[in-house]
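Chains as they are written, first to last, in my numbering: chain A, 1 to 204; chain B, 1 to 204.
Protein chains: 2
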Amino acid sequence: MDPVSTEDTTARRRGRRPAGQDTRTALLDAARAVFAENGYERATVRTIAARAGVDAAMVNHWFGGKEGLFAQAVLQLPFSPLELVEALRDGPDEQFGERIVRTFVTRWDGAGGTVFRALIRSVADREEAAAVLHDFFGKFFTELIRGLGSDRAQLRVTLCASQVVGVGMVRYIVRFEPMASAEVETLVAAIAPNLQRYLTGEID
Amino acid sequence: MDPVSTEDTTARRRGRRPAGQDTRTALLDAARAVFAENGYERATVRTIAARAGVDAAMVNHWFGGKEGLFAQAVLQLPFSPLELVEALRDGPDEQFGERIVRTFVTRWDGAGGTVFRALIRSVADREEAAAVLHDFFGKFFTELIRGLGSDRAQLRVTLCASQVVGVGMVRYIVRFEPMASAEVETLVAAIAPNLQRYLTGEID
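Written as structure tokens, this is what we have:
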């Protein structure tokens with residue numbers, strides 16, 4: 001039996017379950033801690049919900065399950081994947097690269113880099129975490145890039161992923177200067193045109 | 001006392017020390033294993049030399065110390081850092097990006113991705129491994145990029161590093177298709193122009 005399920009039950013009996021955005025925030029905080037401690041595979045929805053002091057059903061309600069919770073808590077996506085797609089779409093196609101850099105760097109900076117390190121640890125340790133990332137990118141970004149009218153959408157997705165993940169590695173893990181301390185807009189100016197080429201340019 | 005030093009002494013007594021290129025190869029193999037098992041910091045020159053069955057002085061002779069051995073064994077550089085610089089320099093400036101992609105991907109592919117995973121594990125676990133990478137890139141690549149006549153050489157180094165490391169993450173760790181199985185020349189065509197922009201283009 002899961003050692004935290006007692007705490008879980010107690011929390012519910014005492015009516016400590018927070019409502020609405022509080023529940024969502026509590027689950028995100030708990031998920032970050034539990035994914036960082038246990039990696040993706042061993043982290044359970046039950047453990048995370050117990051840590052947050054809410055019912056496990058709330059995970060499905062707010063995030064559609066463990067995968068969605070991982071995407072938002074660990075990848076620091078501002079919304080559900082579907083809402084992220086909408087946010088990235090919200091602007092001129094030729095500024096798509098800019099929006100990608102700004103969105104990811106701002107989110108990760110806000111979390112102080114610890115979230116990115118948890119992500120890399122999860123991915124390096126557990127094939128399932130990599131599979132979640134793959135599903136996420138595959139499902140949403142491929143469709144997005146096809147929407148830009150580009151061929152070879154799946155290769156383009158992986159090219160963008162390589163650049164975005166690489167920035168995270170250099171800024172938060174290896175911490176090479178000056179990238180580690182660069183202003184977000186310095187990175188946007190430097191990197192966005194390269195992403196834009198991956199999104200809509202000639203790649204062969 | 002280091003538990004392997006007895007083995008080390010025995011190896012030397014028995015005259016098993018291989019000569020020349022054999023010593024070098026034996027040290028590289030041993031270093032890969034020991035760095036993967038222990039991470040950068042806890043791996044010692046003595047342990048690596050003992051595993052290889054050679055005298056620890058050979059590490060200095062062939063690699064200039066633990067840092068150089070790490071650079072060649074784990075980063076899979078084909079030569080010493082200085083020789084790598086020469087190899088990358090060996091061609092037209094406008095194909096510099098191509099040479100970077102081809103050199104790193106070919107080397108890492110040859111090692112089956114395990115070397116890259118050991119690198120990431122080392123870097124994620126130990127600040128010193130990150131410092132070695134930093135020294136390596138800082139010392140050699142900044143100079144190289146200045147040689148191309150580019151301003152902001154250090155930022156350009158980190159931009160190139162982010163793209164190269166990101167390709168490694170996607171190809172060997174997350175294994176997103178189609179990048180994970182793409183031909184080297186497909187990656188060269190897709191990525192080299194972006195590296196070339198980081199090396200010599202407008203980045204602000």
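C-beta: ideal position from N, C-alpha, C; glycine also.
For residue i, does the count of other Cβ atoms within 10 angstroms reach 16, so buried, or fall short, so exposed?
{"i": "S162 of chain B", "result": "buried"}
{"i": "G168 of chain B", "result": "buried"}
{"i": "R171 of chain B", "result": "buried"}
{"i": "Q95 of chain A", "result": "exposed"}
{"i": "G149 of chain A", "result": "exposed"}
{"i": "G53 of chain B", "result": "buried"}
{"i": "Q21 of chain B", "result": "exposed"}
{"i": "G97 of chain B", "result": "buried"}
{"i": "V184 of chain A", "result": "exposed"}
{"i": "A192 of chain B", "result": "buried"}
{"i": "A57 of chain A", "result": "exposed"}
{"i": "R197 of chain B", "result": "buried"}
{"i": "G147 of chain B", "result": "exposed"}
{"i": "G112 of chain A", "result": "exposed"}
{"i": "T23 of chain B", "result": "buried"}
I'd like to know whether the C-beta of residue i is nearer than 8 Å to at least one C-beta of chain A.
{"i": "A36 of chain B", "result": "no"}
{"i": "R107 of chain B", "result": "no"}
{"i": "Q154 of chain B", "result": "yes"}
{"i": "D204 of chain B", "result": "yes"}
{"i": "T142 of chain B", "result": "no"}
{"i": "V4 of chain B", "result": "In this predicted model, V4 of chain B has a pLDDT of only 41, less than 50, meaning its place in the structure is not dependable enough to derive any value."}
{"i": "H134 of chain B", "result": "yes"}
Just curious, the alpha helix (DSSP H) that residue i is in, first and last residue?
{"i": "V184 of chain A", "result": "V184 to T200"}
{"i": "T47 of chain A", "result": "V45 to A52"}
{"i": "R156 of chain B", "result": "A153 to G168"}
{"i": "M58 of chain A", "result": "A57 to F63"}
{"i": "I173 of chain B", "result": "Neither: I173 of chain B is in no alpha helix (DSSP H) and is coded neither H nor E."}
{"i": "E98 of chain B", "result": "F96 to G110"}
{"i": "A31 of chain A", "result": "G20 to R42"}
{"i": "G68 of chain B", "result": "K66 to A73"}
{"i": "G147 of chain B", "result": "T142 to G147"}
Hey, is residue i's beta-carbon within less than 8 Å of any beta-carbon in chain B?
{"i": "Q163 of chain A", "result": "yes"}
{"i": "L148 of chain A", "result": "no"}
{"i": "E7 of chain A", "result": "Note that E7 of chain A scores 41 on pLDDT, short of 50, meaning its location in the model is unreliable and no value can be drawn from it."}
{"i": "I100 of chain A", "result": "no"}
{"i": "T114 of chain A", "result": "no"}
{"i": "V184 of chain A", "result": "no"}
{"i": "R32 of chain A", "result": "no"}
Assuming residue i and residue j form a contact by the criterion Cβ under 8 Å, report the distance between their Cβ atoms to the nearest whole angstrom.
{"i": "I120 of chain A", "j": "I173 of chain A", "result": "6 Å"}
{"i": "R152 of chain B", "j": "L199 of chain B", "result": "Wrong, their Cβ atoms sit about 11 Å apart, outside the cutoff."}
Please check if any C-beta of chain D sits within less than 8 Å of the C-beta of residue i.
{"i": "L119 of chain A", "result": "Structure shown: chain D not included; protein chains present are A and B."}
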